[in-house]
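So the sequence shown is numbered by UniProt numbering: it starts at 1 and just counts up by one.
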Amino acid sequence: MNSKGKYLVLFLILILSFSIISASFAYTGTGFSHDIPFSKYSSQSNSDILNKYNNTDCHSEIKGICTYVADGDTIDVEGVGRVRFVGVNTPERGVTAYICSKRFVQKFCLNKEVSLDVDDSKRNDRYGRTLAVVIVDGKNLNEMLLKEGLAEIMYIPPSEFYPYDWSSDSTTSSSYTSGSSSSNSGGSYSSSSFTSGSTVSAPYVGSANSHKFHYSTCKWGKKISDKNRVTFNSRSDAISQGYAPCKACQP
Numbered sequence: 001m002n003s004k005g006k007y008l009v010l011f012l013i014l015i016l017s018f019s020i021i022s023a024s025f026a027y028t029g030t031g032f033s034h035d036i037p038f039s040k041y042s043s044q045s046n047s048d049i050l051n052k053y054n055n056t057d058c059h060s061e062i063k064g065i066c067t068y069v070a071d072g073d074t075i076d077v078e079g080v081g082r083v084r085f086v087g088v089n090t091p092e093r094g095v096t097a098y099i100c101s102k103r104f105v106q107k108f109c110l111n112k113e114v115s116l117d118v119d120d121s122k123r124n125d126r127y128g129r130t131l132a133v134v135i136v137d138g139k140n141l142n143e144m145l146l147k148e149g150l151a152e153i154m155y156i157p158p159s160e161f162y163p164y165d166w167s168s169d170s171t172t173s174s175s176y177t178s179g180s181s182s183s184n185s186g187g188s189y190s191s192s193s194f195t196s197g198s199t200v201s202a203p204y205v206g207s208a209n210s211h212k213f214h215y216s217t218c219k220w221g222k223k224i225s226d227k228n229r230v231t232f233n234s235r236s237d238a239i240s241q242g243y244a245p246c247k248a249c250q251p
């Protein structure tokens, strides 16, 4: 083999090696997937699905027509550009479940007006996409994806939104009383262990929807609506009633 041929072989080896290295470092996401077929939704109207959910507490800051759905957590909105659903992650392209999650979002968004509640704590991700809750007909589509099992939680602080509050299947409020009192770092409180919808000051607050509890000073606790707010005398009270601690304030 002459020198020209040797250089050609070496060049091809280098290209092959580079391709293998590039593939090994290619973005593969978190590996999240699911086995939900889109046929589950194809026979359901949008109203059938939307009626399962309560109106969102998120606020519409921007409205625009969705012109393209890239995947289950990324869309293009006219006048805004590319929007990344904050707090959630759907299967990546190439994964079988990718199609179902994408089509679910297309069903509610494509060529329709959507509203956005932009993350005030971090408006854009490192790719320049706008981070937001996508609102369709008054419902939180990010939350819907989680509850339908079409997405996983992807909480990356700082963020205005706490997706763990969206993941619970509980939709009813509860009310309990214990007549006990306790003292802790938050102060001394008596009477009820917790009361649904209460606005009385207490060391811990929780959401009847998510069954998560927080310090009363936690910014996520402060976002809980009055109708879903419950209060606790102590950490043990909250846990004994089936509530899990907030992962942000760690009560």
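Think of the CB as a built atom: it goes at the ideal place given N, C-alpha and C, for glycine as much as any other residue.
Predicted, not measured: the structure shown is a model, and the values here were computed from it.
Backbone CA spacing between residue i and residue j [nearest angstrom]
i, j, result
"residue 133", "residue 15", "43 Å"
"residue 111", "residue 236", "49 Å"
"residue 242", "residue 211", "7 Å"
"residue 85", "residue 148", "15 Å"
"residue 157", "residue 118", "14 Å"
"residue 146", "residue 11", "48 Å"
"residue 165", "residue 245", "11 Å"
"residue 60", "residue 13", "55 Å"
"residue 41", "residue 163", "23 Å"
"residue 99", "residue 128", "24 Å"
"residue 48", "residue 248", "34 Å"
"residue 79", "residue 214", "37 Å"
"residue 205", "residue 238", "9 Å"
"residue 106", "residue 209", "27 Å"
"residue 140", "residue 101", "15 Å"
"residue 230", "residue 221", "10 Å"
Three-state class that DSSP yields for residue i in the structure shown
i, result
"residue 46", "helix"
"residue 129", "coil"
"residue 202", "coil"
"residue 240", "helix"
"residue 119", "coil"
"residue 33", "coil"
"residue 207", "strand"
"residue 181", "The predicted model places residue 181 with a pLDDT of 31, which falls under 50 and marks its position as unreliable, so this point remains unresolved."
"residue 70", "strand"
"residue 57", "coil"
"residue 143", "helix"
"residue 107", "helix"
Proximity below 8 Å, CB of residue i to CB of residue j
i, j, result
"residue 159", "residue 97", "no"
"residue 72", "residue 142", "no"
"residue 207", "residue 57", "no"
"residue 103", "residue 161", "no"
"residue 82", "residue 30", "no"
"residue 75", "residue 150", "no"
Beta-carbon separation (whole angstroms), residue i vs residue j, contact threshold 8 Å
i, j, result
"residue 69", "residue 114", "Between residue 114 and residue 69 the Cβ distance is about 11 Å, and since that is not below 8 Å, they are no contact."
"residue 202", "residue 233", "7 Å"
Short CB-CB distance (under 8 Å) between residue i and chain D
i, result
"residue 49", "The structure shown has no chain D; it contains just one protein chain."
Contact the segment 91 to 106 vs the segment 119 to 126: 3+ CB pairs below 8 Å | no
Segment contact, 8 Å Cβ cut-off, at least three pairs: the segment 65 to 73 with the segment 38 to 52 | no
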